[in-house]
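Residue 55 in UniProt numbering sits at position 55 of the sequence shown; the count goes up by one each step and never skips.
Don't be surprised by glycine CBs; every beta carbon is placed ideally from N, CA and C.
Remember, it's a predicted structure, so these values are computed and weren't measured experimentally.
Structure first, then comments.
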Amino acid sequence: GKVEGLSVYFLEPQNGFFSTGSIYAGLNDGARFGFFCHAALEFLVQMGFRPDIIHCHDWTSAPVAWLYKEHYAQSALSSARVVFTIHNLEFGAIFIGKAMAHADKATTVSGTY
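Rendered as C-alpha cells:
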C-alpha cells in the first residue's frame, strides 16, 4: 500500500508464528523476532532494494544488526549501514547488547535516556 505517497510493505508469515494474541508472547519471543528480522532482510534482497541505512528500533529488530553483518554484508545490501535505536532497556537486554556491538551507529529515544 501507500502512506503519504510512500510504499509500505507488510510481512505476514503464514506459519502462525505471530498468532499469539499479544506482541510479547513469552518464551519464544527471541525466535519469533529473529525470524521476522531474517525475513525482512531477505525481503530487501529479493525485491532488489539497496538501502543506504537499515534502521533497527529496539530489541525486537535488534537481530537485524548482526544478521546483516554476519550474513548480508557481502550481498547486494553491502553498501547499507546499520543504525540501532535503544527504546526500552527493560526488555531484551541481551539482544540490545549484541545489536550495539554490530551497529555502525546507535541512538536513543531521548538525550537523557
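DSSP places lysine 98 inside the alpha helix (DSSP H), whose first and last residues are 93-102. Annotated as distal: alanine 40 and isoleucine 96, with beta-carbon spacing of 9 Å or more. In this structure, the straight-line span from the alpha carbon of lysine 105 to that of glutamate 12 is close to 29 Å. Between lysine 69 and valine 83, the CB-CB gap reaches or exceeds 9 Å. If the five residues before and after glycine 1 are omitted, its C-beta is found closer than 7 Å to the C-beta atoms of Val8, all from its own chain and listed in chain order.
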